[in-house]
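Enquirer: Dropping a structure here in structure tokens format, bear with me for questions.
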Amino acid sequence: MASNLINGYVKSGKLESVSATILRILREGDGEFLNLGYLMSASVKELATLIIEAQKLESSTVVVDRSVGYGIVNACVHIGLSDKAHGILDEMNAQGGSLGLGVYVPILKAYCKEHRTAEATQLVMDVSNSGLQLDTGTYDALIESSMSSQDFQSAFSLYRDMREARISDLKGSYLTIMTGLMENHRPELMAAFLDEVVEDPRIEHKPNEQTYLSLISGYVSVEKYFCVLMLWHEVKRNVSVDGEKGIKFDHNMVDAFLYALVKGGFFDAVMQVVEKSQEMKVFVDKWRYKQAFMETHKKLKVSKLRKRNFRKMEALVAFKNWAGLNA
Numbered sequence: 047m048a049s050n051l052i053n054g055y056v057k058s059g060k061l062e063s064v065s066a067t068i069l070r071i072l073r074e075g076d077g078e079f080l081n082l083g084y085l086m087s088a089s090v091k092e093l094a095t096l097i098i099e100a101q102k103l104e105s106s107t108v109v110v111d112r113s114v115g116y117g118i119v120n121a122c123v124h125i126g127l128s129d130k131a132h133g134i135l136d137e138m139n140a141q142g143g144s145l146g147l148g149v150y151v152p153i154l155k156a157y158c159k160e161h162r163t164a165e166a167t168q169l170v171m172d173v174s175n176s177g178l179q180l181d182t183g184t185y186d187a188l189i190e191s192s193m194s195s196q197d198f199q200s201a202f203s204l205y206r207d208m209r210e211a212r213i214s215d216l217k218g219s220y221l222t223i224m225t226g227l228m229e230n231h232r233p234e235l236m237a238a239f240l241d242e243v244v245e246d247p248r249i250e251h252k253p254n255e256q257t258y259l260s261l262i263s264g265y266v267s268v269e270k271y272f273c274v275l276m277l278w279h280e281v282k283r284n285v286s287v288d289g290e291k292g293i294k295f296d297h298n299m300v301d302a303f304l305y306a307l308v309k310g311g312f313f314d315a316v317m318q319v320v321e322k323s324q325e326m327k328v329f330v331d332k333w334r335y336k337q338a339f340m341e342t343h344k345k346l347k348v349s350k351l352r353k354r355n356f357r358k359m360e361a362l363v364a365f366k367n368w369a370g371l372n373a
């Protein structure tokens, strides 16, 4: 009976009567009231007002997914009106209405499914600003969706929000972001992300050999050799002496640094790597670095460097002697 009445009001465009009927049904505690035609026709403001009025009639112990607000928002999402559902929440906030966390979840899931990660991130910021807190699983799912969509800035914003919310389990999303950046060859973003989060004890995961190898490879691919030099200064402070604590300085690590630093012309750092490799008894095949030098610095003359930069000249001479390029 109530359903037919609501249908009649919708068809005749009497949307205010629909709201009044729904509120009357709530007062009487009788039956289902949602009507898809009404949801599609009613304005955002009308639906927000309806939810606020309905909240006054609902029991304080009502389960979230049985509330009018959840029902309307979830139904809008279900029929493809995610933006309208989002607009309802914005309007409720504007009217001073109270929102439970559960009302946001259907929209976040829809945005995630539709890969609308920027909108999802903005909604998460709204949730946080309202004093509510999402669970780890929701954050992880949104960050994974952002990374798969290559929306790295949204992933960073979400991760930052997790940290500020003092969520204890950060490791899963940290690995999702780092893996995604490695796969997408974005070493500059990896480095910036590491700088921001590496000291956070909640991560329980420090950069390892593979992390640094990926960074070096990425920097070489875009010819950012100075960034490799900065990375070397960081790594040499943390090289493991006993093979247990710190970074393992093995053949792969030595090879990656030597090749990149030779290509970049940072011969002082090259000789530091050579010295460290000798100290750690790591075998080095000099032929590869001879080739790298000849490809990039064939015309570089010691006599020219002597006039401009004595230290760089000394490092170049030391490298050429070590590599057998003076013969």
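Just add 46 to wherever you are in the sequence shown, counting from 1, and you've got the numbering used here. Quick reminder that beta carbons are idealized off the backbone N, C-alpha and C, glycines included.
#1: In three-state DSSP terms, what is ILE125?
#2: Note down, in chain order, each residue of its chain lying with its Cβ closer than 7 Å to the Cβ of TRP120, except the 5 sequence neighbours on either side.
#3: Does DSSP put VAL285 in a helix, in a strand, or in coil?
#4: Report yes if the C-beta distance between ALA315 and TRP278 is below 9 Å; otherwise report no.
#5: Is it buried or exposed for SER144, if we count other Cβ within 10 angstroms and need 16 for buried?
#6: Can you give me the start and stop residues for the alpha helix (DSSP H) that PHE339 sits inside?
#7: Between which two residues does the alpha helix (DSSP H) harbouring GLU255 extend?
#8: Taking C-alpha atoms, which residue in HIS343, LEU180, ALA166, LYS336 lies nearest to ALA369?
#9: Could you tell me the distance, in whole angstroms, from the CA atom of GLU165 to the CA atom of LEU154?
#10: Thinking just about the alpha-carbon of each residue, which of ASP246, TYR271, CYS273, PHE303 is nearest to the one in GLU255?
#11: Select from VAL330, TYR265, LYS91 the residue whose C-alpha is nearest the C-alpha of ALA306.
#12: Under 9 Å, do HIS310 and LEU275 count as touching if we go by C-beta distance?
#13: Can you pull the DSSP bridge partners for ILE223?
#14: Where do the ends of the alpha helix (DSSP H) carrying PHE239 lie?
#15: Going by beta carbon distance, what residues of the same chain come within less than 6 Å of GLU190, once the five residues before and after it are set aside?
#16: Mind checking who ILE293 pairs with in its DSSP beta bridge?
#17: Using the beta-carbon count (16 or more within 10 Å), is HIS132 buried or exposed?
#18: Where in the region 139 to 213 do unbroken runs of the alpha helix (DSSP H), each at least 4 residues long, occur, reported from the N-terminal end onward?
#19: With distances taken from CA atoms, which of LEU178, SER176, LEU188 is nearest GLU160?
#20: Mapping the DSSP letters down to three states, classify PHE329 as helix, strand or coil.
#21: To the nearest angstrom, how far is the alpha carbon of MET86 from that of ILE118?
#22: Please look up how many angstroms separate the CB atoms of ALA361 and PHE329, rounded, as I've assumed it's under 8 Å.
#23: Grouping DSSP H, G and I as helix and E and B as strand, with all else coil, what is LEU61?
#24: Out of LEU371, MET299, HIS343, MET359, point me to the one whose CA is closest to LYS332's CA.
#25: State yes or no: is the C-beta of THR225 within less than 9 Å of the C-beta of ASP197?
#26: Quick check on this structure: which residue in GLU269, LYS327, GLU137, ALA88 has the alpha carbon closest to the alpha carbon of ILE98?
#27: Are ARG248 and ARG206 touching if we call contact CB-CB under 9 Å?
#28: Taking VAL90 as the reference, which of ASN139, LYS102, SER113 has the closest Cα?
#29: Apply the 10 Å Cβ neighbour rule to ARG73 and answer buried if 16 or more other Cβ atoms are within range, or exposed otherwise.
#30: May I ask you to report which of helix, strand or coil DSSP gives ARG357?
#31: With a threshold of 16 other CB atoms inside 10 Å of the CB of ARG232, please say whether the residue is buried or exposed.
Expert: Quick look at the numbers:
#1: coil
#2: According to the sequence as given, residue 120 is Asn; it is not Trp. Taken in chain order, the residues that qualify are PRO152.
#3: strand
#4: yes
#5: exposed
#6: It spans 332 to 343 - the alpha helix (DSSP H) in which PHE339 sits, taken as one unbroken run.
#7: 255 to 267
#8: Comparing Cα positions, the closest option is LYS336.
#9: 9 Å
#10: Sorting ASP246, TYR271, CYS273, PHE303 by C-alpha distance to the C-alpha of GLU255 places PHE303 at the top.
#11: Residue TYR265 holds the alpha-carbon nearest to the alpha-carbon of ALA306 among VAL330, TYR265, LYS91.
#12: Looking at the sequence shown, residue 310 is not His but Gly. By the CB criterion at 9 Å, GLY310 and LEU275 fall inside the cutoff.
#13: The partner list for ILE223 (beta bridge, DSSP) is empty, contrary to what the question assumes.
#14: It spans 233 to 243 - the alpha helix (DSSP H) in which PHE239 sits, taken as one unbroken run.
#15: THR222
#16: VAL285
#17: buried
#18: 147 to 159, 163 to 175, 182 to 194, 198 to 210
#19: LEU188
#20: coil
#21: 11 Å
#22: With a Cβ gap of about 22 Å, ALA361 and PHE329 do not count as contacting.
#23: Bear in mind that a pLDDT of 42 at LEU61, under 50, signals an unreliable position, so the model cannot answer this.
#24: LEU371
#25: no
#26: GLU137
#27: Cβ atoms of ARG248 and ARG206: not closer than 9 Å.
#28: Per the Cα distances, ASN139.
#29: At ARG73 the pLDDT is 43, less than 50, meaning the model places this residue with poor confidence; the figure from the coordinates comes in the next sentence. Answer is exposed; the Cβ neighbour count stays below 16.
#30: helix
#31: buried
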